[in-house]
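J.: Each protein sequence line maps, in turn, to chains A and B.
Counted from 1, the first sequence has number 16 at position 16 by full-length UniProt numbering; the numbering is strictly sequential.
Counted from 1, the second sequence has number 51 at position 51 by full-length UniProt numbering; the numbering is strictly sequential.
This is the structure I want to talk about, given as structure tokens.
2 protein chains.
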Amino acid sequence: MTATAPRTPTKAQLLELVAALGTAQWQDFAAAAARHGLTSVQAKLLSQLKGPVPMRGLATLLVCDASNVTGIVDRLEARGLVRREPDPADRRVKNVVATDEGHETIRRVRAEMQATHSALDTLDEEERTTLYGLLERLRPGLEHRG
Amino acid sequence: MTATAPRTPTKAQLLELVAALGTAQWQDFAAAAARHGLTSVQAKLLSQLKGPVPMRGLATLLVCDASNVTGIVDRLEARGLVRREPDPADRRVKNVVATDEGHETIRRVRAEMQATHSALDTLDEEERTTLYGLLERLRPGLEHRG
DNA sequence: CGGGTTGCTTGACGATCTCAAGCATCAATG
DNA sequence: CATTGATGCTTGAGATCGTCAAGCAACCCG
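This is the structure:
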């Protein structure tokens, strides 16, 4: 009775575990962001900026109203972490781009998610591959959904 | 070249995937809660109430300030989903308990997380067991952390 | 050019969150 | 018992987040 035989978990148990890990990881992210004076939402927006993204696109990515994005970008811009650039093809559109400092900041936030990193470090290569494969299969079903 | 050979994902890829699923699942939860007129935070608090929990305990569980819990419980109590009860052993303490309606509401919210449910349905028993085992191993490292 | 749509911002309002301050109660001490 | 310090909860101020309604500019189409 030392090694617990791997019973099949109920869907409820699995759901609870996924939820618990999701929030734990979010807390880790929020804490890392806070160390750099960012709220979790600001950091999340920043993490979407691999290239220029129009305001509307950010609203879609963050699953929120466009008017909400205005304020978040305002605060990030006031700190010099992002910039609003006019879109050459459509004068209505403003593309948001991360400044060098913005990129560097979000890079550090990701690097400082210690809890998540050390958790992932407990898995060996094969386990990581297995986990990745399973999570990838879960993704399509969880993709935004209208 | 049809079946993609399972490469070992980088830690960054794995981290990104975990983050993406975490937020997707959170969106699913929030949407289900909204259908019952609850914010995600209210629903999350409600989901912690298997038994009586003091205000202070809720603040710890939600990783937030105690003063924040006051307002959230106020709103839930105004709707009759929770109740504040005096603690027999310590008159400072107020224990929060879910009413029958509260329990029923959160049960429905969980049941209505369609995206999450259908995602989990794509896994067979063995895969679920494997996933559960791996996620459980990730849990200790992600458990609250100071 | 006129009319409908789209992208962004503004303003109003509620919910969340933190911090500082305050009150009541508990626990330990003399 | 009275004092002192810690603990549990609430209140109030102030910032952020989030929605909705309204408005303006620019696009698209006929």
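Backbone N, C-alpha and C define an ideal beta-carbon position, used for all residues, glycine too.
Nothing here was measured: the structure is a model prediction, and the numbers come from that model.
What do you reckon, are the CB atoms on Ile133 (chain A) and Thr116 (chain B) nearer than 9 Å?
T.: Residue 133 (chain A) sits at position 133 when you count from the first residue of the first sequence. Residue 116 (chain B) sits at position 116 when you count from the first residue of the second sequence. Per the sequence shown, residue 133 (chain A) should be read as Gly rather than Ile. Taking 9 Å as the Cβ cut-off, Gly133 (chain A) and Thr116 (chain B) do not qualify as a contacting pair.
J.: Let's see if you can read the secondary structure: which residues bound the beta strand (DSSP E) around Lys94 (chain A)?
T.: Here the question's residue 94 (chain A) lines up with position 94 in the first sequence. Unbroken beta strand (DSSP E) run through Lys94 (chain A): Lys94 to Ala98.
J.: Thr23 (chain B): buried (16+ other C-beta within 10 angstroms of its C-beta) or exposed?
T.: Against the second sequence, residue 23 (chain B) aligns to sequence position 23. Buried, because 16 or more other Cβ atoms sit within 10 Å of the Cβ of Thr23 (chain B).
J.: Enumerate, from N- to C-terminal direction, the unbroken alpha helix (DSSP H) stretches of 4 or more residues contained entirely within the stretch 18-63 of chain B.
T.: Fully enclosed alpha helix (DSSP H) runs of 4 or longer: 40-47 and 55-62.
J.: By the three-class DSSP mapping on this structure, what secondary structure does Pro88 (chain A) have?
T.: Working through the first sequence from its first residue, we reach residue 88 (chain A) at position 88. Here Pro88 (chain A) sits in coil by DSSP.
J.: Can a CB atom of chain A be found closer than 9 Å to the CB of His117 (chain B)?
T.: Residue numbering aside, residue 117 (chain B) sits at position 117 when the second sequence is read from its first letter. Yes, His117 (chain B) lies at the interface with chain A (some Cβ there is under 9 Å from its Cβ).
J.: Using DSSP with H/G/I as helix, E/B as strand and the rest coil, what is Arg145 (chain B)?
T.: In the second sequence, residue 145 (chain B) corresponds to position 145, counting from 1. The pLDDT assigned to Arg145 (chain B) is 45, lower than 50, so where the model puts this residue is not dependable, and the model offers no usable value.
J.: Mind checking Gly102 (chain A): buried by the 16 CB within 10 Å criterion, or exposed?
T.: Working through the first sequence from its first residue, we reach residue 102 (chain A) at position 102. Label assigned to Gly102 (chain A): buried.
J.: Is Glu112 (chain B) close to chain A, meaning its C-beta is less than 9 Å from at least one C-beta of that chain?
T.: The residue given as residue 112 (chain B) occupies position 112 in the second sequence. With 9 Å as the cut-off, Glu112 (chain B) does not count as an interface residue toward chain A.
J.: Whole angstroms is fine: what's the gap from Arg110 (chain B)'s alpha carbon to Ala34 (chain B)'s?
T.: To locate residue 110 (chain B), count along the second sequence from 1; it is residue 110. To locate residue 34 (chain B), count along the second sequence from 1; it is residue 34. Roughly 12 Å between the two C-alpha positions.
J.: Could you confirm whether any beta carbon from chain B is found closer than 9 Å to the beta carbon of Val18 (chain A)?
T.: Along the first sequence, one-based indexing puts residue 18 (chain A) at 18. For Val18 (chain A), the answer is yes, since a Cβ of chain B falls inside 9 Å of its Cβ.
J.: Closer than 7 Å by C-beta to Thr130 (chain A): which residues in its own chain qualify, once you throw out the five before and the five after it? Chain order, please.
T.: Sequence index remark: in the first sequence, residue 130 (chain A) carries index 130 (1-based). Counting only Cβ-Cβ distances below 7 Å, and skipping sequence neighbours, we find nothing.
J.: Which same chain residues, not among the five before or five after Leu49 (chain A), have their C-beta less than 6 Å away from its C-beta?
T.: On the first sequence, position 49 is the one that residue 49 (chain A) refers to. Excluding positions up to five away in sequence, the list reads Ala98.
J.: In whole angstroms, what separates the C-alpha of Ala119 (chain A) from that of Pro88 (chain A)?
T.: As a working note, residue 119 (chain A) is residue 119 in the first sequence. As a working note, residue 88 (chain A) is residue 88 in the first sequence. Distance between the alpha carbons of Ala119 (chain A) and Pro88 (chain A): 44 Å.
J.: In three-state DSSP terms, what is Arg107 (chain A)?
T.: Taking the first residue of the first sequence as position 1, residue 107 (chain A) is located at position 107. Three-state DSSP puts Arg107 (chain A) in a helix.
J.: Output, in sequence order along the chain, the residues in the stretch 34-53 of chain A whose CB is closer than 7 Å to any CB in chain B.
T.: none
J.: In the stretch 124-136 of chain A, which residues sit with their C-beta less than 9 Å from some C-beta in chain B, listed in chain order?
T.: Glu125, Glu126, Glu127, Arg128, Thr129, Thr130, Leu131, Tyr132, Gly133, Leu134, Leu135 and Glu136
J.: Report yes or no: is there a C-beta of chain A within less than 9 Å of the C-beta of Thr8 (chain B)?
T.: Sequence index remark: in the second sequence, residue 8 (chain B) carries index 8 (1-based). Thr8 (chain B) counts as touching chain A.
J.: Please confirm if Leu14 (chain A) has its CB atom under 9 Å from at least one CB of chain B.
T.: The count along the first sequence starts at 1 and reaches residue 14 (chain A) at position 14. True, the Cβ-Cβ gap to chain B drops below 9 Å.
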